[in-house]
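S.K.: Handing you a structure now.
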Amino acid sequence: MSATCSKTKTSAENLHDTPQSTKLENSEQIHCPNGTHVKILVIPPLGEDAQIVDLQEVDIFKEQQKLNNIHLPKAKRKWKKYVKYAKVAVLIAIWIGCSCVLMAKHVTVEEVHQVSVPKNTNKGYIITEIPRHGKLWVRLGGALLPPYYSNLSTHSLRVWVQFVVLLNPLKNRTKIKESSILFVQNVSSVWTVPLVTENLIGVVPEVKQKHEFKLTNFTEAPFSSCIVRVNMKTNLKTNLPLSLSYNVHPINVDDGVIYAALVLVLLYVLIIFEVIHRTLAAMLISTLSIAILAANNARPGLDEVVSWIDIETLLLLFSMMTLVSIFSETGIFDYTAVLAYKWTNGREWPLINSLCLLTAILSCFLDNVTTGLLMTPITIRLCEVTKLDPIPVLISMIIFSNIGGAITPIGDPPNVIIASNPDVVKSGVNFTTFILHMGVGVLLVSVFTYLHLRFLYRNVRDLRYNEPREVLELKREIAVWQRAAACMSSYSKDEEVVKETLKKRSSRLIGKLNTKTRIHMSQAENYEGNLEDLQKKYPIRDKPLLIKSGLTLIFVVVLFFLHSNPEIGRLGLGWTSLLGALLLLLLYDRGDIESVFSRVEWSTLLFFGALFVIMEAMAKLGLIEWIGKQTQQVIMSVGQESRLAVAIMLILWVSALASAFVDNIP
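Take the UniProt record's numbering: the last position of the sequence shown gets the number 666, and nothing is skipped along the way.
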């Protein structure tokens, strides 16, 4: 007797919730001709009053998987192994490359110099190094106006670069005499910077602007009597103090865009094809981005990298995760779903409508992943008792989860990023205005989505199982016995006897299947019994904690809506949610606080932090500006009356197509 035959058992999936102590008493013994005894566990009859038991998982599936692996071509198995090794080798190579570059390059320190531009006179600042690649990057700080306010002021600062040839080598590189100049040539265009009025100098906060000069007709002179000078002149009637910094080795934008695009494509490939976990992929790509900056003599310091991370967004996400972690211990989410089943009397569409509405409301304050984790188990249970197929129900809930999450700044991580953006905050967009603007669109989308779902599932039978659940379970069991018989060979009499016994058992189950099908047609739905079972299984588990959590959540939501008040608005969404999380942790007052923090999605927070670093690195490499220019060219190529519509459609469909393959966060 082979080892496969001696270990053959039967199995079935969990049919109902039964005590763990239930044992399988029924069995059959086969006496083989050579005296060998083979014991086969069987299932008791599934009659009206039959006791349903839990069966252990069988070895048939393992044996069948081994047989399938045996029949798998050897070349294909080797190919999969080589692909795995190649993946690890490529990732390790990227890590080695990043490590070598970061160890070889120093942190780039930006030296800031203080200058004063006198009235009615040119101010020349000598660059102590010769620019490479014909480019010079200059940053100015002072009483400047942002570019979009340039039409509000008549005062300006003109900046340009000159190439100066001296009679003799320069000894003092901070000052030169006009008599020692042999030749002067302007090698750049003029950069015009708008300024505030004279009486506001020293009053307004410092504004910084940067510009990259492309030096024309300029070659790196091999002799020491040549210098590069930055000239500045204003039309003010007073002196203008400025801070100035420069870089003679700026990143080549053309090369930087290519590097950034390749890095971004690599990130998408790692995430789309799930080569590695998305958090690990983001961490690796963020390190690679910093290594590319270092290779281009622009390695940022650790403090600068930390400043790239939007702490406000991470603080809001962490606090909301903590609130939900404690709130879920009360059992309120499962209990609410059971109430929906009670109020709808178990009818299909009213129940689906209630679940979708509940999901949309929860998604206004929780992210989609958390909402899905909370709602999926009870939804599947409700589908079981109502004989509904959970797949279309869960799909509908996922759709409404995304719709509901779009209405509030805290409903979805992209909303958090948008609402926490400094430019958005400065423009006056707070919690209330965000909801008012998004509410109209969300309402329209909800109506049309619901109509589409009703049309798609206009036949209620499409929402139900094609066959009763008990019939499907019997069919699965029959398939187990048939697979067991199929894996038996006929090389010996012992195996032939076992195979025939398995076939007989399968035939008996087929007869029971036919009987069960006829019985089910005459059975009525037991709504009262299902409701009683659900209420016993999903009660409110901790009422005092529910009260504490409810009061805390009300406090946080009220503060969110009061952000339009300047006295409260300065608190910010992140600090508001953190105060709420801290309050609930104090009210929680339990020793096992580690269990609360263990349910926080730390991988998501790390993923966000790495993405912030990647996006800032892409901006320094020039990719963000390049995309903006290309988008601007497309928009400007159409008539003026159509530009707004083209811009909206372009952003809308590019985001939609990208989100079909990649998480909407990147």
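No residue lacks a Cβ here, since even glycine has one placed at the ideal position from N, Cα and C.
1. Please name the residue, chosen from ARG139, GLY97, VAL88 and VAL90, that lies closest to GLU111 on a Cα-to-Cα basis.
2. Helix, strand or coil for HIS211? Go by DSSP, reduced to three states.
3. Apply the 10 Å Cβ neighbour rule to THR128 and answer buried if 16 or more other Cβ atoms are within range, or exposed otherwise.
4. Measuring CB to CB, does PHE608 end up less than 7 angstroms from LEU314?
5. Give me the Cα-Cα distance between PRO241 and VAL184, rounded to the nearest whole angstrom.
6. Measure the alpha-carbon distance for LEU463 versus GLY574 and round it to whole angstroms.
7. Would you report the Cα separation of GLN633 and SER150, rounded to the nearest angstrom?
8. Compute the Euclidean distance between the alpha carbons of CYS100 and ILE92, then round it to the nearest angstrom.
9. Expressed to the nearest angstrom, what Euclidean distance is found between the alpha-carbon atoms of ALA647 and PRO414?
10. Are three or more beta carbon pairs between the stretch 529-546 and the stretch 389-402 nearer than 8 angstroms?
11. Report, in whole angstroms, the separation of the C-beta atoms of LYS119 and ASN239, which I expect to be a contact under 8 angstroms.
12. Based on the DSSP secondary-structure assignment, which residues constitute the bridge partners of ILE126?
13. Report the residue from ALA282, ALA89, SER225 and HIS106 whose alpha carbon sits nearest the alpha carbon of LEU605.
14. Taking the C-alpha atoms as reference points, what is the distance between ASN217 and LEU284?
15. Alpha carbon to alpha carbon, how far is SER225 from ALA610?
16. Just to confirm the assignment, what range does the alpha helix (DSSP H) spanning PHE597 have?
17. Is LYS504 helix, strand or coil by DSSP?
18. Can you tell me whether residue 667 is buried or exposed? The criterion is at least 16 other CB atoms within 10 Å of its CB, across all chains shown.
19. Any beta-carbon of chain E closer than 7 angstroms to the one on ASP303?
20. Looking at the unbroken beta strand (DSSP E) that takes in VAL142, where does it start and where does it end?
21. Identify whether TYR268 lies in helix, strand or coil by the three-state DSSP scheme.
22. So ILE614 and LEU267 are in contact, right, with Cβ under 8 angstroms, and what is the actual spacing, rounded?
23. Return the bridge partner residues of ILE181 from the DSSP annotation.
24. Whose CA, out of PHE163, LYS87 and ALA658, lies closest to the CA of SER189?
25. Excluding the 5 residues preceding and the 5 following THR234 in the sequence, name in chain order all residues of the same chain whose CB lies nearer than 8 angstroms to its CB.
26. Give the straight-line distance between the Cα atoms of SER603 and MET618, rounded to the nearest whole angstrom.
27. Going by DSSP, what residue range makes up the alpha helix (DSSP H) through GLN632?
28. Mapping DSSP to helix, strand and coil, what is PRO194?
29. Between which two residues does the alpha helix (DSSP H) carrying ASN415 extend?
30. I need the DSSP call for VAL117, collapsed to helix, strand or coil.
31. So, are the CB atoms of VAL161 and LEU136 less than 7 angstroms apart?
32. Are the CB atoms of ALA485 and LYS503 within a distance shorter than 7 angstroms?
33. Check SER655 in the structure and name its three-state DSSP category.
34. Output needed for LYS342: all residues of its chain with C-beta closer than 7 angstroms, excluding positions within five of it in sequence on either side, in chain order.
35. Take the Cβ of LYS76 as the centre, count every other Cβ of all protein chains shown within 10 Å, and call the residue buried at 16 or more, exposed below.
36. Roughly how far, in whole angstroms, is the beta-carbon of VAL187 from the beta-carbon of LEU215, given that I think they are within contact range, below 8 angstroms?
M.R.: The short version:
1. ARG139
2. strand
3. exposed
4. yes
5. 26 angstroms
6. 42 angstroms
7. 22 angstroms
8. 12 angstroms
9. 20 angstroms
10. no
11. 6 angstroms
12. ARG229
13. ALA282
14. 42 angstroms
15. 47 angstroms
16. 593-598
17. helix
18. With the chain running from 1 to 666 in the structure shown, residue 667 is simply not present.
19. No chain E is part of this structure, which consists of one protein chain only.
20. The amino acid at residue 142 is misidentified as Val; the sequence shows Gly. Taken as a continuous stretch (DSSP letters only), the beta strand (DSSP E) holding GLY142 covers 135-142.
21. helix
22. 7 angstroms
23. LEU166
24. PHE163
25. VAL117, LYS119, HIS155, SER156, LEU157, ARG158, LEU195 and LEU240
26. 22 angstroms
27. 623-636
28. strand
29. 413-420
30. strand
31. yes
32. yes
33. helix
34. LEU531
35. exposed
36. 5 angstroms
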